[in-house]
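The block underneath contains the structure these notes are about, expressed in structure tokens.
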Amino acid sequence: MKSLAFFTIILLIVTQISLCAITREERIILDEIKNEKSLLEDIESEINQYANLADRRKKIKELYNNGEIDRIVNMFSEEIREIDNLIKRDDMVSTTRAYDILRIVYKNIEQVAGDLLYYKSYLAAVADSTELQIKTLSKVIEKYPSAIKYDDAVLELQHLLLLTGENQQLIAVSQKFQREETDIQKFWLAQAFYNLGQFQKAEEIQVQLENKTEFSLRSKLMQILIDIETNSISDEHFKKLQDLRDTFSPKDSYYKVVVITQARLYFETGQYQEALNNYFEYAELTDKTPNEISLEIAHTYNQIGNTEKAISYLNNVIENESDKSYYTEAKILLAEIYQSRGEYEISQLTISTSIDKITEINQLLKEKYKLMESIRRQYNQLSSLASEEQKKSALSEIDNNETKLQEISDRMAEISRYLTSEQIEQLTALEHIYAENYKIVNRINEEIDYLLSNNNEEIPITIDHEIALLDSAKIRLNAVQYVSNLSEITVDDFRIAYFIANEQFYNSKMVESWQKLLQQNKLSNQSSDKIRESISLFEENQNSLESIAKFLFGEINENDNIQRDILYEKMLVEAKQDSLMLLRQDIWENYHKVLARKLSAEKNEFVAETNQIDDDYQKLLAEIRKDAEKRRQEYDFVKLDLEFREYRKKLTMSDSDTTIEEQ
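Quick note on our numbering: the sequence shown kicks off at 182 and runs consecutively.
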């Protein structure tokens with residue numbers, strides 16, 4: 182045991198000494214070798230993945246060509262279960278990778294296209310692109326009623342339409358659901374009817390839900406709201422709301438909706454202290470008081486004359502960086518409060534700073550629109566430019582414009598409190614997709630230019646190699662044909678037969694090549710005569726080789742079974758050579774053109790999608806500009822009122838001996 186321990190220690194010392202003996206340069210080389218090995222392993226792994234994908238894709242195509250659609254759908258169903266599990270685990274990286282794999286393997290399989298679109302909509306949701314999500318789900322419902330995820334798509338779309346206020350569309354989509362409608366879908370439908378003012382239809386659905394445990398509170402609350410809409414507010418409504426609070430637990434998610442409804446009804450009926458009590462109770466039930474509620478509390482305090490409290494809540498809204506959607510309304514009310522207190526300078530400053538920002542964002546939006554138009558036009562013209570110098574110059578100009586666009590976006594981000602959070606999300610999502618699509622289009626254009634300006638060389642070279650191998654096969658078959666007459670075959674016999682067959686083959690090739698030259702009629706008479714002499718010599722050599730072969734191996738009997746088999750093999754080899762030569766010519770002339778056409782079709786799809794995104798973007802910019810202009814007009818109105826009050830104040834403070842006419 183001691184000797185073993187001693188041996189181990191000695192081994193460790195020797196190893197350490199050998200490691201120390203490695204120079205610094207050798208260590209660097211070793212590290213580089215390790216890195217190269219790691220890189221090669223990664224590349225090999227990636228190649229294996231692509232090979233696996235290709236095999237899976239090939240298998241699906243074979244099944245599709247054989248009409249085994251049900252089997253394809255069953256295989257697909259099994260695979261999407263894994264995606265569903267990844268979604269439940271919120272593993273977005275793996276979900277995206279799994280989706281991309283399915284998209285490649287099952288590409289152009291119409292029977293699963295709807296389900297692939299459904300998962301695409303999920304990825305759009307993760308990217309916060311609600312508009313793209315709605316568009317994708319709508320396509321699933323419109324084109325793929327047999328999709329596995331069809332009803333899931335309907336359910337998702339209904340929810341999105343409710344959140345975006347597309348009530349009429351939600352009602353239409355609800356009729357597409359194939360299974361029995363769930364309670365939540367009924368509630369959404371009732372909410373849509375309520376939003377459209379179709380109170381009777383909304384109430385009919387809510388009555389069905391009031392005995393459902395999960396929906397009892399919200400359905401009863403909705404019925405009270407419907408009654409308020411169709412009649413005036415009464416004490417009965419306050420009593421019913423209080424009954425709901427006494428019946429249900431504060432832990433119910435809709436309990437706080439009852440509280441805020443009470444607060445708003447108290448405000449509407451002038452019971453401001455009761456309203457405040459309910460607002461504060463609502464605030465206790467939420468983690469953080471929303472800006473909308475803070476604004477309502479400020480209005481309530483202003484009504485009872487407590488302007489200090491109102492200003493405090495308004496400043497909370499204005500300074501809240503996470504929610505800027507009520508910034509404008511808070512600024513206007515703040516200016517009005519300062520105005521009512523006679524603090525005209527502060528009120529004037531509040532409005533002036535806001536108007537300056539609104540004017541700036543309007544100007545930035547106009548500049549952004551022009552730049553987007555310019556960049557789109559430059560990208561579209563890029564493929565038509567002939568020289569590399571022109572393309573380089575155009576790309577440089579595009580880069581400059583994109584830099585300017587980024588600067589404007591950064592500045593807009595600074596003053597983005599004048600946009601709603603929803604507008605900011607929409608702009609960001611559309612800009613990201615827009616930019617990514619144009620990068621893809623640009624890359625495809627470069628590939629197309631390369632393909633059309635270069636012949637394909639690699640595949641024809643590979644085919645040449647295959648043709649050469651077939652030449653060797655023909656030579657070997659000729660050699661076998663010679664020795665097959667012998668009763669016993671030695672290695673030397675086959676070597677001699679192979680030498681004769683090889684000489685004969687290349688003799689015949691040379692004769693064939695020179696005869697083609699003569700047929701072109703492009704040579705001088707002197708050159709033609711020399712070639713004819715050479716052909717004659719090679720033909721004589723060929724005859725000599727045939728005579729030697731007959732002397733050594735005897736006459737070939739073409740009726741012999743073995744000889745017939747050999748001749749048949751030679752015929753197959755020649756036929757394969759002919760087909761390879763035709764393929765080589767076809768690839769040389771058309772391979773890149775086919776690829777270019779395929780890429781052009783792919784590019785057109787991206788351009789169409791990008792143009793649609795651009796249209797959506799321009800509509801959104803127009804809406805934001807319109808909204809900004811509306812807010813500017815609101816500010817101008819308040820500012821005008823302030824200036825008029827200031828003017829009246831100056832009049833009352835003027836000297837008493839000044840005449841009215843002079844004033």
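C-beta atoms are modelled at their ideal positions from N, C-alpha and C, and glycine is treated no differently.
Residue closest to residue i, alpha-carbon to alpha-carbon, out of the options
i: Glu449; options: Ser434, Leu402 and Phe419; result: Phe419
i: Ile589; options: Glu541, Gln379, Ser653 and Leu726; result: Glu541
i: Tyr245; options: Glu291, Thr584, Arg262 and Gln423; result: Glu291
i: Lys401; options: Gln701, Leu425 and Ile499; result: Leu425
i: Ala305; options: Tyr287, Tyr280, Lys585 and Glu323; result: Tyr280
i: Ile329; options: Asn785, Val438, Leu297 and Leu342; result: Leu297
i: Asp591; options: Leu545, Ser555, Asp796 and Glu337; result: Leu545
i: Lys421; options: Ile405, Ile414 and Asn412; result: Ile405
i: Ile729; options: Asp674, His340 and Asn496; result: Asp674
i: Gln452; options: Asn472, Pro431, Ile478 and Leu466; result: Ile478
i: Ile621; options: Trp369, Ala444 and Ala789; result: Ala789
i: Tyr447; options: Leu586, Glu569 and Ile414; result: Ile414
i: Ala294; options: Lys320, Ala371 and Asp416; result: Lys320
i: Ile681; options: Asn724, Asp710, Leu234 and Ser668; result: Asn724
i: Lys551; options: Ile386, Glu524, Glu578 and Asn582; result: Asn582
Alpha helix (DSSP H) segment containing residue i, residue limits
i: Lys421; result: Asp416 to Thr428
i: Phe719; result: Asn706 to Phe734
i: Lys382; result: Phe380 to Leu390
i: Glu263; result: Ile250 to Lys269
i: Ser493; result: Thr488 to Glu500
i: Phe396; result: No alpha helix (DSSP H) holds Phe396; DSSP gives it neither H nor E.
i: Ser413; result: Here Ser413 belongs to no alpha helix (DSSP H), and DSSP marks it neither H nor E.
i: Ile329; result: No alpha helix (DSSP H) contains Ile329, which DSSP labels as neither H nor E.
i: Arg284; result: Met273 to Val286
i: Leu318; result: Thr311 to Lys324
i: Leu698; result: Val672 to Gln700
i: Asp741; result: Taken as a continuous stretch (DSSP letters only), Asp741 belongs to no alpha helix (DSSP H), as it is neither H nor E.
i: Phe461; result: Tyr453 to Leu466
Residues near residue i in its chain [Cβ-Cβ closer than 8 angstroms; skip 5 each side]
i: Ala575; result: Gln559, Gln562, Leu563 and Leu566
i: Thr196; result: For Thr196, the predicted structure reports a pLDDT of 42, less than 50, and the residue's modelled location is therefore unreliable. The matter cannot be settled from this model.
i: Asp364; result: Leu390, Lys393, Glu395 and Phe396
i: Ile322; result: Tyr331, Ala334, Val335, Leu338, Val354 and Lys357
i: Tyr679; result: Ile656, Arg657 and Ala660
i: Ile747; result: Leu658, Val661, Gln662 and Ser665
Close beta carbons around residue i, own chain, < 6 angstroms, minus the five adjacent residues each side
i: Leu398; result: Phe429, Asp433 and Tyr435
i: Asn158; result: The displayed coordinates of the chain run from 182 to 844. Any statement about residue 158 would go beyond what the structure contains.
i: Tyr519; result: Ile527 and Ser528
i: Ser302; result: Gln314, Thr317 and Leu318
i: Glu684; result: Leu726
i: Thr470; result: Ala464
i: Leu457; result: Thr481
i: Gly735; result: Asn666
Local Cβ density within 10 Å of residue i, reported as buried at 16 or more and exposed below that
i: Ala202; result: At Ala202 the pLDDT is 46, less than 50, meaning the model places this residue with poor confidence; the figure from the coordinates comes in the next sentence. Burial call: exposed.
i: Ile513; result: buried
i: Glu410; result: exposed
i: Asn255; result: exposed
i: Leu650; result: exposed
i: Met553; result: buried
i: Ile670; result: exposed
i: Asp442; result: Here the sequence assigns Thr to residue 442, which means Asp is not the residue at that position. Buried: at least 16 other Cβ atoms inside 10 Å.
i: Val388; result: exposed
i: Glu384; result: buried
i: Ser475; result: buried
i: Leu753; result: exposed
i: Glu243; result: exposed
i: Thr584; result: exposed
Beta-carbon proximity list for residue i, same chain, < 7 angstroms, skipping 5 on both sides
i: Lys751; result: Lys655 and Leu658
i: Thr276; result: Ile264, Leu267 and Ile268
i: Asn722; result: Asn688
i: Thr488; result: Ile518 and Arg522
i: Leu495; result: Ala479, Ala511, Leu514 and Leu515
i: Ile894; result: It is not possible to answer for residue 894, since the shown part of the chain is limited to 182 through 844.
i: Arg284; result: Leu297
Neighbour flag for residue i against chain B, beta carbons, 9 angstroms
i: Ile250; result: The structure shown contains no chain B, having only a single protein chain.
message: Tell me whether the segment 391-409 and the segment 344-363 touch, counting them as touching only if at least three CB pairs, one residue from each stretch, are closer than 8 angstroms.
response: no
- prompt: Taking one C-beta from the segment 690-701 and one from the segment 714-726 each time, how about it: are there three or more such pairs within less than 8 angstroms?
  reply: Judged by Cβ distances under 8 angstroms, the segment 690-701 makes contact with the segment 714-726, as three or more pairs qualify.
message: For the pair the segment 312-325 and the segment 265-272, tell me if three or more CB-CB distances fall below 8 angstroms.
response: no
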